[in-house]
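K.L.:
Submitted below is the structure of interest, expressed as structure tokens.
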Amino acid sequence: MGSPANIITGVRILLSLALLPVKVFSPAFYVFYLAAGLSDIIDGPVARKTNTESEAGQRLDSLADIIFVAACIVKLFPALEISWWLLVWTGAIATLKIFNIIMGRISNRQFTMPHTKINKVTGLILFVLPLTLSIISLNCSGAAVCVLASIAAIHELITIRGAHEYSE
628 MGSPANIITG
638 VRILLSLALL
648 PVKVFSPAFY
658 VFYLAAGLSD
668 IIDGPVARKT
678 NTESEAGQRL
688 DSLADIIFVA
698 ACIVKLFPAL
708 EISWWLLVWT
718 GAIATLKIFN
728 IIMGRISNRQ
738 FTMPHTKINK
748 VTGLILFVLP
758 LTLSIISLNC
768 SGAAVCVLAS
778 IAAIHELITI
788 RGAHEYSE
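Numbered according to my numbering, the sequence shown spans residues 628 to 795.
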């Protein structure tokens with residue numbers, strides 16, 4: 628049987644997949660969306676509290692994050708009118724994040740995303756974004772998220788590059 632934290636992370640994967648068949652912005656969408664977000668918040672503290680932190684758990688958490696983001700993209704992007712410049716900026720960030728994953732894998736043979744403070748803040752603000760669309764314009768909130776995500780992605784690159792140089 629898996630650790631409680633890994634079970635919570637596994638539930639996040641299931642909740643993320645449950646987003647796919649439901650109508651975007653419906654009550655069911657928000658229930659699955661918020662439950663997945665809550666599971667992301669609590670799995671780390673549960674792992675620390677139960678003394679079950681592991682490399683495998685970190686990899687599972689990164690995989691769950693990717694699945695959640697992918698499910699959200701599949702559901703949200705078609706439902707939103709996104710400015711071309713926001714799409715280009717988002718694409719550039721995604722490209723850098725993929726590059727960072729590849730470089731991290733090459734440099735330390737691990738599949739994990741750095742859980743830095745700036746990544747956590749970016750993730751939180753990105754998570755809140757769909758909940759605020761009725762009161763804050765997508766261009767405004769999207770630009771704020773992109774600024775933070777750009778800083779986080781560049782910080783990841785610097786961190787990974789430093790780890791790679793250190794290991795050589």
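Glycine included, C-beta positions come from ideal geometry on N, C-alpha and C. Note that the structure is a prediction, hence the values are computed from the model and not measured.
Tell me which same chain residues have a C-beta within less than 8 Å of the C-beta of N766, skipping the five on either side of it?
P.N.:
Here the set comprises S710, L713.
K.L.:
Have a look at R788, G731, Y657 and flag the residue whose alpha-carbon is nearest the alpha-carbon of L703.
P.N.:
Checking every option, the nearest Cα to that of L703 belongs to Y657.
K.L.:
Evaluate the contact criterion for the region 629 to 639 versus the region 671 to 689: three or more CB pairs, one atom per stretch, below 8 Å.
P.N.:
Short answer: they touch.
K.L.:
To the nearest angstrom, how far is the alpha carbon of I745 from that of I778?
P.N.:
Approximately 8 Å between the Cα atoms of the pair.
K.L.:
Return the chain-ordered list of same chain residues with a C-beta closer than 8 Å to the C-beta of A632, the five sequence neighbours on each side being excluded.
P.N.:
The answer, listed in chain order, is D670, G671, V673, A674, T677, T679, E680, G684.
K.L.:
If we require 4 or more residues per run, which alpha helix (DSSP H) segments fall completely within the region 694 to 756?
P.N.:
The region 694 to 756 contains these whole alpha helix (DSSP H) runs: 711 to 735, 744 to 755.
K.L.:
Between the Cα of L641 and the Cα atoms of I752, S666, L784, which residue gives the shortest distance?
P.N.:
It is S666 whose Cα lies nearest to the Cα of L641.
K.L.:
Between the Cα of V755 and the Cα atoms of I725, L690, V649, V696, which residue gives the shortest distance?
P.N.:
Here the closest residue by C-alpha is V696.
K.L.:
If contacts are defined as beta-carbon pairs under 8 Å, then H782 and T722 qualify, I think. What distance do you get, rounded to the angstrom?
P.N.:
That belief does not hold up - the Cβ atoms of H782 and T722 are roughly 16 Å apart, past 8 Å.
K.L.:
Does DSSP classify E680 as helix, strand or coil?
P.N.:
Coil.
K.L.:
Using three-state DSSP, classify S643 as helix, strand or coil.
P.N.:
If DSSP states are grouped into helix, strand and coil, S643 belongs with the helices.
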